[in-house]
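Residue numbers (mature numbering (1 follows the signal peptide of the UniProt record, and there is no 0)): -20 to -1, 1 to 399. Okay, so here's the structure we're looking at.
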């Protein structure tokens, strides 16, 4: 039986993670296999020793092209995995000179269905550019496009700092950045893109340019929120925030059965009307196989000690969830442990995620109740679709809204809930 997975989901990946899609004019298709192989493996390309060229049927090709979501994916006739910035530029020049359509990716979490328009193209896999460097004196973090959030949190925390991140460990940090980068720290630190200081970028004609507020400032504006088609970012530097005491976060995971959905959403509307800058709330409408009904799984995370967090969350806890799990976690462990540890499952690649999203400036209880009722009916009528979920992510936006909309290309700083 065909399985459906219609996941209403935004910030697990925070944004579509295509590092760059350039050469938008579709070619007539790649050369035949032998000719394409000769083009990519020619000695004149002078590939670095760590750069890999792979083709369908090879394990290395599968590793370089496997996506988080398999719904309407792009397809490739070959993959280039550059080990150096120079080889990224070479790959771009080689593709454009031979009229080969190509897609460059970091974490390969992009879920835009337009990606399917690329068929038999060239994959430029940036996973080998995964450097992570913390400069304690400058208070900066420099990463490559292959570095994922899970790779950076340890080194940053060990150096006595923190930085805003997405909500999952597996997306590329740069990929999230160029889409804006929403997450739990929007209330205190802002968007991930707000921490970006500078970047190095390969343009569509293979040139390597520096991008910052002082160098190519218009391009710097664009890559912070609308950066997927300006070029391939090979390196990015971010400002870090001091965190010498490794601040404790309080993570409270709860389950509410179907009969309590109305009271939960009424409570949620009240809490979100005056949401504290340190409180993030994720509410998932999902199927419970035991009760054969919809349920609400809540992930409430507070940037602060347990006693303060429980006072802030008192209205929710007073409703009497059927399951409650309270954990004291450090910043670097929040993504991995919150939401009953869903990160481990959600980061598994190669699944048929079918993703839709919306932004809400104001959350209303009636919206939550209607969504819950419809999903409950949907589960009954479509047993094969019971892995489907609606995810309501209410991130505080005080720090994000403090930055003018005109400062970056990200247009949704006033969003209160991401669906």
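In this text, a Cβ means the ideal position worked out from N, Cα and C, and glycines have one as well.
With distances taken between CB atoms, is the gap from residue i to residue j smaller than 9 Å?
i           : j           : result
residue 290 : residue 314 : no
residue 323 : residue 148 : yes
residue 204 : residue 162 : no
residue 28  : residue 62  : yes
residue 412 : residue 65  : The chain is shown only over -20 to 399; residue 412 falls outside these bounds and no answer can be derived.
residue 361 : residue 142 : no
residue 56  : residue 100 : yes
residue 343 : residue 297 : no
residue 109 : residue 175 : no
residue 404 : residue 271 : The requested residue 404 does not occur in the structure, where the chain is confined to residues -20 to 399.
residue 388 : residue 30  : no
Hey, how far is the Cα of residue i from the Cα of residue j?
i           : j           : result
residue 88  : residue 153 : 12 Å
residue 68  : residue 240 : 53 Å
residue 374 : residue 197 : 32 Å
residue 347 : residue 393 : 21 Å
residue 6   : residue 207 : Residue confidence is low: residue 6 scores 42 on pLDDT, short of 50, so the model does not pin down where it sits. Its coordinate-derived value is still stated next. Looking at the two C-alpha atoms, the distance is approximately 20 Å.
residue 32  : residue 79  : 21 Å
residue 133 : residue 253 : 31 Å
residue 364 : residue 267 : 11 Å
residue 86  : residue 44  : 10 Å
residue 399 : residue 136 : 30 Å
residue 60  : residue 351 : 44 Å
residue 303 : residue 236 : 7 Å
residue 18  : residue 199 : 35 Å
residue 3   : residue 41  : Model confidence at residue 3 stands at a pLDDT of 49, short of 50, so the residue's coordinates are unreliable; what they give is reported in the following sentence. Spanning the two alpha carbons is a distance of roughly 22 Å.
residue 226 : residue 166 : 18 Å
residue 248 : residue 329 : 32 Å
residue 139 : residue 358 : 48 Å
residue 353 : residue 202 : 40 Å
residue 128 : residue 46  : 16 Å
residue 8   : residue 95  : Any reading at residue 8 must be qualified, since the residue scores a pLDDT of 47, below 50, and its modelled position is unreliable; no value is offered.
residue 286 : residue 299 : 19 Å
residue 144 : residue 338 : 22 Å
residue 325 : residue 380 : 29 Å
residue 104 : residue 34  : 11 Å
residue 118 : residue 391 : 30 Å
residue 77  : residue 20  : 12 Å
residue 190 : residue 222 : 26 Å
Spell out the partners DSSP gives residue i in its beta bridges.
i           : result
residue 280 : 232 and 261
residue 310 : 228
residue 304 : 234
residue 372 : 263
residue 181 : 189 and 213
residue 33  : 60
residue 102 : 58 and 82
residue 115 : 120
residue 320 : Beta-bridge pairing links residue 320 to no other residue.
residue 357 : Residue 357 pairs with nothing; no bridge assigned.
If you drop the 5 nearest sequence neighbours on each side, which residues of the same chain put their C-beta closer than 6 Å to that of residue i?
i           : result
residue 404 : In the structure as shown, the chain begins at -20 and stops at 399. Residue 404 is therefore absent and cannot be evaluated.
residue 185 : none
residue 217 : 120, 122, 177 and 178
residue 278 : 234 and 263
residue 260 : 164, 281 and 375
residue 36  : none
residue 404 : The displayed coordinates of the chain run from -20 to 399. Any statement about residue 404 would go beyond what the structure contains.
residue 378 : 167 and 257
residue 102 : 58, 75, 80 and 82
residue 345 : 245, 246 and 249
residue 93  : 52
Report the CB separation of residue i from residue j in whole angstroms; it is logged as a contact under 8 Å.
i           : j           : result
residue 125 : residue 98  : Not confirmed; about 18 Å, so no contact.
residue 146 : residue 172 : 7 Å
residue 397 : residue 340 : 4 Å
residue 283 : residue 229 : 6 Å
residue 212 : residue 72  : 7 Å
residue 214 : residue 180 : 5 Å
residue 317 : residue 231 : 6 Å
Which same chain residues end up closer than 7 Å to residue i when comparing Cβ atoms and leaving out the 5 residues on each side of it in sequence?
i           : result
residue 130 : 149 and 150
residue 1   : Unreliable placement is indicated for residue 1, whose pLDDT of 45 sits below 50; the coordinate value is still reported in the next sentence. These residues qualify, in order along the chain: 83, 208 and 209.
residue 292 : 256, 259 and 282
residue 116 : 139
I'd like the list of long-range same chain contacts for residue i, defined as Cβ closer than 8 Å, with 5 residues on each side in sequence excluded.
i           : result
residue 319 : 233, 262, 264, 277 and 279
residue 70  : 25, 26, 27, 62 and 186
residue 382 : 170
residue 385 : 391 and 393
residue 195 : 178 and 189
residue 192 : 177, 178, 179 and 200
Beta-carbon of residue i versus every beta-carbon of chain D: anything under 9 Å?
i          : result
residue 25 : Annotation note: the requested chain D is absent from the structure, which comprises a single protein chain.
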